[in-house]
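Offset between the sequence shown (1-based) and our numbering: plus 1.
For every residue, glycine included, the Cβ atom is placed at its ideal position computed from N, Cα and C.
For reference, the structure is listed below as structure tokens.
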Amino acid sequence: MKTYTGPTLGGATATVECPDWCVTDHAYWDDRVDDMFHHSAPIEITPPKDPAPLAGRPLVPQLEADLMLHSTDPRPCAASVYLRLDEHNNRAVDLDVPGVDKLLAELDRYRAGLVLMRERLAAIHAERTRR
Numbered sequence: 002m003k004t005y006t007g008p009t010l011g012g013a014t015a016t017v018e019c020p021d022w023c024v025t026d027h028a029y030w031d032d033r034v035d036d037m038f039h040h041s042a043p044i045e046i047t048p049p050k051d052p053a054p055l056a057g058r059p060l061v062p063q064l065e066a067d068l069m070l071h072s073t074d075p076r077p078c079a080a081s082v083y084l085r086l087d088e089h090n091n092r093a094v095d096l097d098v099p100g101v102d103k104l105l106a107e108l109d110r111y112r113a114g115l116v117l118m119r120e121r122l123a124a125i126h127a128e129r130t131r132r
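Shown next as structure tokens:
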């Protein structure tokens with residue numbers, strides 16, 4: 002298990018164990034041991050590049066999430082999934098378990114709709130290719 006030894010808010014030095022999923026370099030950020038966050042590796046969705054010749058802007062993740070846990074706060078609200086809704090982190094939300102469940106239900110609904118659109122698109126392409 003990874004550990005981090007660093008300063009506390011009161012000026013002492015302490016060591017904490019990071020969860021096995023934590024990828025944060027606490028030393029780099031000079032984190033305060035008693036007031037820091039553990040972060041998992043993010044998961045993200047980046048749409049494929051638009052095939053149109055004029056679509057030159059590179060795409061960035063449009064949806065990104067990571068698990069976040071406060072180092073010393075034992076309350077359930079100190080752990081959340083941090084969901085970023087845009088590339089600049091201007092729109093984000095902390096989700097608890099019921100919030101993640103709601104998001105998963107919406108993603109399932111979205112995926113089902115996208116699958117239907119893809120099937121219709123494939124049928125249109127197949128029809129137009131036969132002409």
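| Asked | Found |
| --- | --- |
| Terminal residues of the continuous beta strand (DSSP E) containing Y5? | T4 to P8 |
| Going by other Cβ atoms of all chains shown within 10 Å of its Cβ, with 16 needed for buried, is M118 buried or exposed? | exposed |
| For a minimum of 3 consecutive residues, which ranges assigned as the beta strand (DSSP E) are wholly contained in the region 21-67? | 38-40 and 44-46 |
| If you draw a straight line from the C-alpha of S81 to the C-alpha of T14, how long is it? | 27 Å |
| Return the chain-ordered list of same chain residues with a C-beta closer than 7 Å to the C-beta of Y83, the five sequence neighbours on each side being excluded. | A66, D67, M69, A93 and D95 |
| Would you tell me roughly how many angstroms separate the C-alpha atoms of R131 and I125, rounded to the nearest one? | 10 Å |
| Taking only the alpha-carbon atoms, compute the straight-line gap between D97 and H40 and give it to the nearest angstrom. | 15 Å |
| May I have a chain-ordered list of the beta strand (DSSP E) segments no shorter than 3 residues that lie completely inside the region 81-132? | 93-96 |
| Among the candidates T16, Q63 and L64, whose CA atom is the shortest distance from the CA of T73? | T16 |
| According to the Cβ coordinates, are P43 and L60 closer than 8 Å? | no |
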